[in-house]
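Report on the following structure.
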Amino acid sequence: NFTPGAFAEALLFPPSERSVILRLHGLFERIGRRMWPVFAGVIIVEAQKRLYQGLPVAARASRRVFVPVLSPQTSRAAHRRSKPSD
């Protein structure tokens, strides 16, 4: 989501160690911008990042969940013993 903006070329001067060529760096830069911008050493691009605001999420109402309560079961043998005999 980037939108490109302004751009420019830079470093149009060829690398050299000769002092005659180094003194002419301004001339080389001007000629290079007009004649050979494709051969620039660096292309500077200004870009803007587009951020979109997110949609707010509505809070959900809590739901009641009924959980059965388990009670301990007595065994049948214990149930028979507790009955009074006739």
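Reminder that position 8 of the sequence shown reads as 3 in the working numbering, one-by-one numbering, no gaps. From the three backbone atoms N, C-alpha and C, an ideal C-beta is built for every residue, glycine too.
Is residue i buried or exposed, if buried means 16 or more other CB atoms sit within 10 Å of its CB?
{"i": "Gly21", "result": "exposed"}
{"i": "Leu65", "result": "exposed"}
{"i": "Leu17", "result": "exposed"}
Determine the direct distance from the alpha carbon of residue j to that of residue i, and round the result to whole angstroms.
{"i": "Arg55", "j": "Pro67", "result": "36 Å"}
{"i": "Met30", "j": "Ser14", "result": "23 Å"}
{"i": "Phe61", "j": "Leu50", "result": "33 Å"}
{"i": "Ala28", "j": "Phe8", "result": "It is worth fixing the name first, because residue 28 is Arg in this sequence and not Ala. Taking the straight line from one Cα to the other gives about 10 Å."}
{"i": "Ala53", "j": "Pro63", "result": "30 Å"}
Name the residue from the options whose alpha carbon lies nearest to the alpha carbon of residue i.
{"i": "Glu24", "options": "Ser14, Val15, Ala35", "result": "Ala35"}
{"i": "Pro(-1)", "options": "Arg45, Val52, Val33, Leu19", "result": "Arg45"}
If you check the beta carbons only, do residue i and residue j fall under 9 Å apart?
{"i": "Phe(-3)", "j": "Gln48", "result": "no"}
- Counting pairs of Cβ atoms below 8 Å between the stretch 35 to 43 and the stretch 1 to 9, do you hit three or more? yes
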